[in-house]
Every structure is written in C-alpha cells, then in structure tokens.
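> Here it is, the structure, as structure tokens.
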Amino acid sequence: MTELQAAIAATRFGMGASPGEIRAAASDPRGWLKAQITPAAAQMPADDLLSAKQVFEARQDASGMNGAPGQDANGVRSEAQQMLLRQVQRETRDGLLREVEARGRHAATTPNSFAERWHRFWANHFTVAARNAQVIGLAGPFEREAIRTNVFGRFSTLLAAATFHPGMLVYLDAARSIGPSTKAAERRNAGLNENLAREILELHTIGVGSGYTQADIIEFAKALTGWTVAGPQTARLVSLGAQGQGGRGQRARQRAAAALADKYGGAVFVETFHEPGPRTVLRKTYNVSARDQAAAVLDDLAAHPATAKHIATKLARHFVSDMPPASAVAKLEASFTKTGGDLSQLARAVVDLDEAWNETSQKFKSPEELLVSAARAAGAQATFGGAQRAVYTSLAQQPFGAPSPAGWPDDTTSWSGSDAIKKRLEWANAVSRRMARGETPSEFLDRALGRIASDKTRQAVARAESAEQGFTIALMSPEFQRR
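Structure representation (structure tokens):
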C-alpha cells in the first residue's frame, strides 16, 4: 500500500515520477509532499529571463525614449525607429520562447514537483496569457514575480500581488482605466474599464452566483482606477494635470510626473486617474484614501466565505476528481477559513485529503501535464525531440496561451475528444522511437507509474511486438494518461 501511495504522491500530487522518485517517497508519501511546502521550493532559475521592468525598458527604447529616434511632427515613425521596434518585438517573442523552455525544463527536473503543481494551479487561477503584443513579454515575469513568490503565503497577499502586477493590469486593460469624471479622462478620451473588476469577482475570489451585481462590478472598477503602469504617456498625462494650476498643486504634479519616469515599467498609483469618492461594493462602503480603496476591497474579498468555497471547490476538482465529493470541498473550505487563507496550511490540507488518495486515477491529464510527466520519466529530448514549442502547439496547449482569463480547463471532457486522442497517439509514437535504448518498456512502466500500472497494462506492454510498440502502449495507457 505504501508503494502505491508513493506512486500516487509523485504522479497525482506531483508532476510525474522522475527516476527513483517513487522509491524516495515510499517511506512517508505524505511527509515527502509536505516537505515541499516552502517558498523556496516554488522558485525556478531565471538567470536569462527578463523582469517586467526590463520588458518595459526595452519598449521604452523602441518608443523613441532614451535618445532613440522617434516620430516626426505627423506621428510617423522614422525608418530607424521602425527597425528598432521590429527588433524589440522579435526579442520579446524570443523572450517568451525562453520563458516556455525554462518553465518546461524546471518542471521536468525539479525535485519539488508538488510545489510546481501548486504554483501552476495558482498561475492558471490568476491567468495572464500572452495573447497580444502588449502582454507577450509580461506573462512569464508575471508568473515568476507575482505567483511563484506568494503561493505559500496568504491568499490575500497573492491576490494583491496578482492584481497589481503590471502583467495583470495590462492583460485586463486596467492600466488604461480612468475615472470617468476625472479631467484625465477628458484629456485622454478614455474612461472606465470593468474587465479586471469583473474577473476578480467572477474568477479570482467569490465566483459566479455569489451575489454580486453589475453595480458591484462598476463600483469595484472605479475603486481600481488610478492603478496603472508607469511610462512616458502616464507621466505626460500627470504633467498635463499640473498645467493651469498654480502653487503647490502644480509643483506636486510636476514632481509626481518626474517620479513616474524613474519607475518606468512598475505598477504605480496615480491619484489624478482615480474616480473620487467613496465606493460601495457588496453592500459595504469604502470611505478610505484613494490609494487604499482597491486594496481594502481586495482584503474583504479574500476573507469572504464565498471565496473560501470557490477556492476549495477548484482545488478539490484539481486534486480529487472533476466532480469532487462534498466532503473534500468542506475540508478545504474549513482550512481556508480557519487559517485566514494561509496557503501553506491549505496545501497541507490538500495532502491530507483521504479523497485525493483514491487508488483509481480520476483526473485526465491536460496536454501540458502529459508532456511534463513524460519528460520527467523519459527525458526532455525523447518527449519533445528538440521542438518543445511545436509539440505543445500540436497538442493544443501552448504555455502562456490560455484562451481566456478563466485559464485552461481542468476537466476530462475538454481534453479527451477523438481528435485530441489521435494527436496524443501520434505524439506517443514519435516519443517511442526516441526512447532510451537498453531499457525495456516494462522497466519504463515501473519507473514512471510504479504500483499504479495495472496487471492488464503490464501484460499489454510485455506482449508488445516491439520495444517501440511497448513504449507507445505504456504512454497511451489509461494510467499514464491520467493522474
């Protein structure tokens, strides 16, 4: 039984068993998982990856700042600037590819694969997808800077870090949202954007059906106004606000504009963009300072009973089954509530869920989960054949490419259509041709699945007509396709 639980620990709670990992977990499977519940275990090497600030600094150069060639009087870019802009766009795309490769390499090799799965759950919960030119360079930094550093802290801290990161502010258009009654809105011909407020309520905290209204979304969106990303345009708008004002007000805004130039690429609060006045969200009125208004709403959302229920349900669905038992949801909800959203304690509560240790695998792996588990068991070269991004694309789950702010789906139906299974089989055939020589398919099965592999699967692998066929059967077995 302990050997089976060790295999479950590595393959269901972790990202898949690497060589020797099932044996390492065998003495105390739950303790092996809990040892990974530390902030350091969720980190990944990022030596050659750009921060969000560096991404914006590169764009600053391409926009004609820092002495770079700019636009003429008609707003037309010079040839030199166009070349620089194309170079920055190319470097940004290359940066995203490096993010994909680094993320995959870390998942395939980390000894802390439960911490990695925990991080990925939260990264999907707070999705920032590289779906357009503005976000393409920010999705990777967002995960590393906002999510990885906070997944074992408090939910309120993680929520605030995700909300106020430049990646989220740009992805959900909050960086361009301005209080509709402000002078800045008149000058910029802009106004309120509700996207971030709506997704925080619907996806990140209390969830659909929890009682919020369109009026709550609008009020919350107004509370979020003022939070933007520092840049030349922001500084110019603040500086314009100083014109026509004498004395202290003008000098204060001029100083604020100069300070923004020093914070280029960082999330900042600009009070002249904020819709003034108290806000009422979920029947509570927030009559605090403009800067603190959004944070005060977030704190209350983080502590809301509906948030505990929403998070508990998603976690139970991820670690237990697509239709988790009410008992599992209740235990996680109680942990979240009792500890005030302590995510370390919540992770321990997940490990202690008896419902999650069912001998029969319930969860169908997403393409990315399948590829990472194969890379951990067979190696990245065999899994991807040197074309990591192309393989992700062929199986319809490109990292940082979630189709909506709701993230990637976490259910069997979304990933198990006939065409998807056909593509998995094509991938398995290609991997089988690259599998390590000198190892039998049965040995691979033992290393990758341990006691999870059924007698039926073992017999099918052992009776295969060739090693390649045996590896394909192992990779396409129900036990390997599920977790």
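Here the sequence shown is numbered in our numbering, starting from 53 and rising by one per residue. Just so it is clear, CB atoms sit at the ideal spot from N, CA and C, and this is done for glycine as well.
(1) Along the chain, where does the beta strand (DSSP E) that runs through residue 279 open and close?
(2) Go through its chain and collect everything with a Cβ distance to residue 242's Cβ below 7 Å, but skip five positions before and after it.
(3) What is the DSSP secondary structure of residue 315, counted as helix, strand or coil?
(4) Can you check which of these residues, 428, 429, 424 and 430, is closest to residue 536 by C-alpha distance?
(5) Cutting at 7 Å between CB atoms, please list the residues of its own chain near residue 203, excluding the five before and the five after it.
(6) Could you tell me whether the stretch 353-365 touches the stretch 373-386, using the rule of 3 or more Cβ pairs below 8 Å?
(7) Starting from residue 536, follow the beta strand (DSSP E) in both directions and report where the run begins and ends.
(8) Suppose you measure from the CA of residue 489 to the CA of residue 426; what does that come to, to the nearest Å?
(9) If I follow the unbroken beta strand (DSSP E) through residue 391, where does it start and stop?
(10) Quick one: is residue 546 buried, meaning 16 or more other Cβ sit within 10 Å of its Cβ, or exposed?
(11) Taking 7 Å as the limit between beta carbons, can you name the residues of its chain near residue 359, skipping five residues before and five after?
(12) Bridge partners for residue 333 per DSSP, in chain order?
(13) I'd like to confirm the pairing. Which residues does DSSP put opposite residue 204 in its beta bridges?
(14) Between the C-alpha atoms of residue 468 and residue 416, what's the straight-line distance to the nearest angstrom?
(15) Across which residues does DSSP place residue 534 in a beta bridge pair?
(16) Nearest CA to the CA of residue 336: which residue from 506, 326, 130 and 350?
(17) Which of helix, strand or coil does DSSP assign to residue 325?
(18) Write down the C-beta distance between residue 473 and residue 56 rounded to the nearest angstrom, noting that I regard them as a contact closer than 8 Å.
(19) Go ahead and label residue 277 buried or exposed: buried means 16 or more other beta carbons lie within 10 angstroms of its beta carbon, across all protein chains shown.
(20) Taking all protein chains shown into account, do 16 or more other C-beta atoms lie within 10 angstroms of the C-beta of residue 147, making it buried, or fewer, making it exposed?
(21) Using the Cβ count rule (16 or more neighbours within 10 Å means buried), how would you classify residue 67?
(22) DSSP state of residue 440, grouped into three classes?
(23) Along the alpha helix (DSSP H) that carries residue 135, what are the first and last residues, could you check?
(24) Report yes or no: do the stretch 427-435 and the stretch 74-81 share at least 3 C-beta pairs separated by less than 8 Å?
(25) Between the Cα of residue 177 and those of 183, 158, 220 and 428, spot the shortest distance and give me the residue it belongs to.
(26) Is the number of C-beta pairs between the stretch 103-111 and the stretch 136-147 that are closer than 8 Å three or more?
(27) Under 6 Å Cβ to Cβ from residue 196, same chain only, skipping five residues before and after it: list those, please.
(28) Residues in its own chain within less than 8 Å of residue 475 by CB, not counting five upstream and five downstream?
For this structure:
(1) Residue range 279-281 is occupied by the beta strand (DSSP E) that includes residue 279.
(2) Once the five neighbours on either side are set aside, the close Cβ partners of residue 242 are 228 and 230.
(3) coil
(4) This structure does not reach residue 536, given that the chain is present from 53 up to 535, and the question cannot be answered.
(5) 94, 170, 171, 174, 210 and 395
(6) Three or more Cβ pairs closer than 8 Å define a contact, and the stretch 353-365 meets that threshold against the stretch 373-386.
(7) Since the first residue shown for the chain is 53 and the last is 535, residue 536 is missing from the structure and cannot be characterised.
(8) If I take the Cα positions, the gap works out to 16 Å.
(9) Neither: residue 391 is in no beta strand (DSSP E) and is coded neither H nor E.
(10) A query on residue 546 cannot be resolved here, the shown segment of the chain reaching from 53 to 535 and no further.
(11) 257, 258 and 353
(12) 336
(13) According to DSSP, which records beta bridges pairwise, residue 204 is partnered with nothing at all.
(14) 8 Å
(15) 416
(16) 350
(17) helix
(18) Actually they do not touch by this definition, with Cβ atoms about 27 Å apart.
(19) buried
(20) buried
(21) buried
(22) It is helical.
(23) Element bounds for residue 135: 131-161.
(24) With a cut-off of 8 Å, the stretch 74-81 and the stretch 427-435 do not count as touching, because too few Cβ pairs lie within range.
(25) Selected option, being the one with the closest Cα: 220.
(26) Output reads yes: the stretch 136-147 touches the stretch 103-111.
(27) 98
(28) 446, 447 and 448
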